[in-house]
Amino acid sequence: MDIFDFSDGREGYYGEYGGVFLPEILHATIEELLTCFRECKADPTFWQDYVALLQNYSGRPTPITHLENLSRQLGGAQIYVKRDDLNHTGSHKINNVMGQGLLCQRLGKRRVIAETGAGQHGFATATMAAKFGYDCKIYMGAVDIARQRPNVFWMENLGAEVISVEDGQKTLKDAVNACMRDWVTNMADTHYILGTACGPHPFPEMVSWFQSIIGMEAREQILKQAGRLPDRVYACVGGGSNAMGIFQGFFDDDSVELIGCEAGGQGVGSYMHSARLAYDDASVGVAQGYKTYFLQNDQGNMNETHSVAAGLDYIGINPIFSYLWEQGKVRFEAATDTEVKEALKLTMRTEGLIPALESTHAFVTAIKEAPTMAKDEIILINQSGRGDKDIFTIADALDDSKWKSFIAGKADQYRTENK
Amino acid sequence: MGLQAYIEERKKDKDLLVMAHVVCGYPSFEDNMQELEIMAEAGVDLVELQFPFSEPSADGPLFVKANEESLKSGTTVDQCFDFMKQASERFPFKILMMGYYNTAFKMGEDVFVQRIKASGGVGYILPDLPVEESSNLHKLSQQAGIEPIILMTPTSSDKRLATLGEASRGMVYVVARKGVTGSKTNMGDDVISLVKRCRQHTNVPMGVGFGISSKADMDFLRGTADLAIVGTAALKTWESSGAKGLKVFFAELMA
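Sequence lines, in order, name chains W and E. Residue 400 in the numbering used here is what sits at position 400 of the first sequence, and the numbering runs on without skipping anything. For any residue, its number in the numbering used here is found by taking its place in the second sequence, counting from 1, and adding 419.
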């Protein structure tokens with residue numbers, strides 16, 4: 001199956017989803033990007049350089065871990081985890097960023113901008129910019145800055161300028177708008193490093209291409225380690241880049257079921273969630289440069305979204321998934337905030353793993369389904385990021401009194417120093 | 420009378436027409452109506468009514484805030500069309516819908532066209548809808564006799580301008596510079612040469628917008644453009660000095 005083999009006149013479309021919906025002023029910039037991307041994709045040395053860079057800089061290939069304790073405790077399928085949390089900067093985001101960094105060299109641009117939600121993409125972009133010597137500006141919603149300060153700290157210390165976006169809902173979608181506004185002004189020397197498989201063509205294809213390294217590795221590894229293909233593969237879906245990454249490894253394997261796990265927030269009917277396909281609240285629309293399912297009202301204005309995981313708190317879904325969902329190729333489920341906190345505790349205690357809140361959404365669905373499967377069946381979860389960054393949110397969720405008094409003590413100390 | 424004929428007719432009496440802009444429901448529809456009264460009195464020729472959208476990614480800070488506040492106060496598409504109807508019946512200037520494509524997509528392109536027509540609008544500007552995605556909407560518009568306004572920009576190649584020129588009807592919106600709405604544009608030779616370049620690819624009238632705020636800008640555009648498009652500067656004036664200020668603003672601008 002090659003979803004990127006577009007028919008004539010339908011370049012950038014997956015079924016009726018995708019496309020390019022941008023102001024005319026960006027037409028030439030997008031054409032330039034598309035031409036450059038096509039050259040990179042057709043050039044085998046580009047991919048070799050990309051893989052070598054990730055091996056030397058980010059620790060790829062990331063391993064697969066068999067969760068024997070958790071599998072035993074649940075009494076069903078054998079659970080394996082693809083460890084993209086072990087990447088440098090702590091998530092799969094670095095894959096796409098390093099790829100676009102190399103592409104940016106070919107474009108000959110010296111400045112990069114990026115939006116970020118949880119801060120993982122911004123962190124990865126700031127890291128790449130430091131290594132490649134690009135000027136770097138990161139746009140981040142004020143609400144997200146408040147909940148992900150550790151990532152902001154690292155971005156700034158890596159030399160990036162972090163701009164607090166005060167418009168709209170002050171989260172990821174508003175950071176995307178802010179990037180668009182920067183790009184329409186500075187496109188001559190600036191490349192927009194979009195962090196997920198959303199936005200106008202060629203971003204969904206390009207980000208999916210860079211992230212496909214996850215699935216390529218994972219397929220080979222699971223065959224070697226478990227002796228056969230998995231029965232089900234689970235990945236969390238915000239924009240959908242880590243899920244596209246791992247799923248692509250199994251697109252041609254009809255026996256493998258692919259499950260995307262969205263942010264159920266406060267649950268069905270709460271209207272405080274980010275589940276575009278798992279719940280019934282989204283409809284097809286056009287925003288942020290592409291056509292897909294959006295959480296919007298009947299007037300076409302976007303609804304407020306919510307998730308305990310900032311990286312999943314987004315209105316739209318990758319257009320490729322809208323198509324694959326319609327085709328029955330990918331199943332979508334949602335995990336609520338409460339379920340996520342419970343699954344995180346369980347995973348930490350039984351396996352010593354700390355998945356990011358985003359990635360834990362995939363664990364929730366896998367943990368629900370594993371007991372209904374046979375002991376010789378195999379589950380593969382993409383642990384797309386590590387949870388250290390979430391220490392403030394998790395400590396709050398667990399109501400950890402020792403952490404609270406530590407923070408209070410730190411606050412007192414800073415207050416005294418400032419006097 | 421079609422938009423192009425209207426512009427040509429008005430140009431018999433003055434050499435540079437003015438298109439103004441309001442964001443529907445911001446600060447309120449009552450304020451909007453007062454703004455339009457002042458614009459009509461000053462002799463404004465065309466007005467864009469912006470339908471607020473939650474993701475106005477082509478707009479600058481002032482219009483972003485205006486879109487946001489308008490939606491927060493509960494502005495609906497129905498209210499915007501009602502307002503368009505009232506305004507088109509009351510004022511001599513022609514009215515364009517301005518907004519983002521999702522507003523049209525969500526109600527259906529055919530309904531969108533029919534509602535503009537029924538509300539007395541003569542066309543629409545959808546800055547995030549490229550010409551590649553417009554064929555059905557343009558066909559429906561032609562059948563209904565309303566005009567899709569094409570944008571031409573400083574980054575458009577001659578090849579691209581030829582494509583855009585082919586699709587243009589009524590008038591062309593020439594974007595004077597890169598960026599979003601609301602920042603100052605240094606009017607210089609590049610704006611003149613851009614409009615000249617655009618004219619090679621279409622014979623519809625040229626409106627120039629983005630960053631136009633003063634009589635000096637108007638004087639500069641005279642002889643180059645057919646219309647000057649004034650957006651943010653008028654809203655800024657309304658916010659800082661109300662009806663009185665806006666009267667002075669347009670009086671000075673159009674002196």
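Cβ coordinates follow ideal geometry from the N, Cα and C atoms, glycine included. In this text, all values refer to a predicted model and were calculated from it rather than measured experimentally.
| Item | Value |
| --- | --- |
| When Val-165/W, Glu-161/W, Ser-384/W and Thr-347/W are compared against Ala-130/W, the one with the closest alpha-carbon | Glu-161/W |
| Below-9 Å beta-carbon distance, Lys-291/W vs any chain E residue | yes |
| When Val-591/E, Ser-538/E, Gly-444/E and Thr-522/E are compared against Arg-509/E, the one with the closest alpha-carbon | Ser-538/E |
| Cβ pair count under 8 Å reaching 3, the segment 614 to 629 of chain E against the segment 581 to 594 of chain E | yes |
| Contact under 9 Å by Cβ, Pro-230/W with Gly-12/W | no |
| Boundaries (first-last residue) of the beta strand (DSSP E) holding Arg-641/E | Counting along the chain, Arg-641/E falls outside any beta strand (DSSP E), and DSSP gives it neither H nor E. |
| For Arg-232/W, the three-state DSSP class (helix, strand or coil) | strand |
| For Gln-78/W, the first and last residue of its enclosing beta strand (DSSP E) | 78 to 83 |
| Neighbouring residues, chain W, relative to Arg-618/E (Cβ below 8 Å) | Residues of chain W passing the Cβ test: none, with the nearest at roughly 17 Å. |
| Proximal chain W residues relative to Arg-675/E, where beta-carbon distance stays under 8 Å | Residue 675/E falls outside the range modelled here, since chain E spans only 420 to 674, and no answer is possible. |
| Cutoff 9 Å: Ser-283/W Cβ touching any chain E Cβ | yes |
| Cβ separation of Asp-313/W and Gly-117/W, assumed to be a contact under 8 Å, to the nearest whole Å | 6 Å |
| C-alpha gap between Pro-63/W and Val-207/W, whole angstroms | 21 Å |
| Residues of the segment 548 to 577 of chain E with Cβ closer than 9 Å to any Cβ of chain W, in chain order | Leu-548, Pro-549, Val-550, Glu-551, Glu-552, Ile-569, Leu-570, Met-571, Thr-572, Pro-573, Thr-574, Ser-575 and Ser-576 |
| Three-way DSSP call (helix, strand, coil) for Pro-355/W in this model | strand |
| Residues that DSSP places opposite Asp-135/W in a beta bridge | Arg-111/W |
| DSSP three-state assignment for Ala-595/E, whether helix, strand or coil | coil |
| Backbone secondary structure at Ile-213/W - three-state DSSP | helix |
| Given Ile-354/W as reference, the closest of Leu-33/W, Leu-22/W, Leu-86/W and Phe-4/W once Cα atoms are compared | Leu-86/W |
| C-alpha gap between Tyr-293/W and Thr-360/W, whole angstroms | 23 Å |
| Rounded distance between the beta-carbons of Thr-651/E and Thr-600/E, thought under 8 Å | 6 Å |
| Beta carbon proximity, Val-286/W to chain C, threshold 9 Å | As a matter of chain content, chain C is missing from the structure shown, whose protein chains are W and E. |
| Listed by chain order, chain E residues near Pro-23/W by CB distance under 7 Å | Ala-477, Pro-546 and Asp-547 |
| Extent of the continuous beta strand (DSSP E) to which Leu-158/W belongs | Counting along the chain, Leu-158/W falls outside any beta strand (DSSP E), and DSSP gives it neither H nor E. |
| Distance between beta carbons of Leu-277/W and Glu-262/W, contact taken as under 8 Å | 7 Å |
| Separation of Arg-386/W from Asp-84/W, as counted between CA atoms | 8 Å |
| Contact with chain W by Thr-621/E, beta-carbon distance below 9 Å | no |
| Interface residues of chain E facing Asp-167/W [CB-CB closer than 7 Å] | Val-483 and Glu-487 |
| Buried or exposed (CB count within 10 angstroms, at least 16 for buried), Glu-467/E | buried |
| Heavy atom of the ligand FMN within 8 Å of Phe-502/E beta-carbon | This structure lacks the ligand FMN, and indeed carries no ligand of any kind. |
| Enclosing beta strand (DSSP E) for Arg-331/W [first to last residue] | 330 to 336 |
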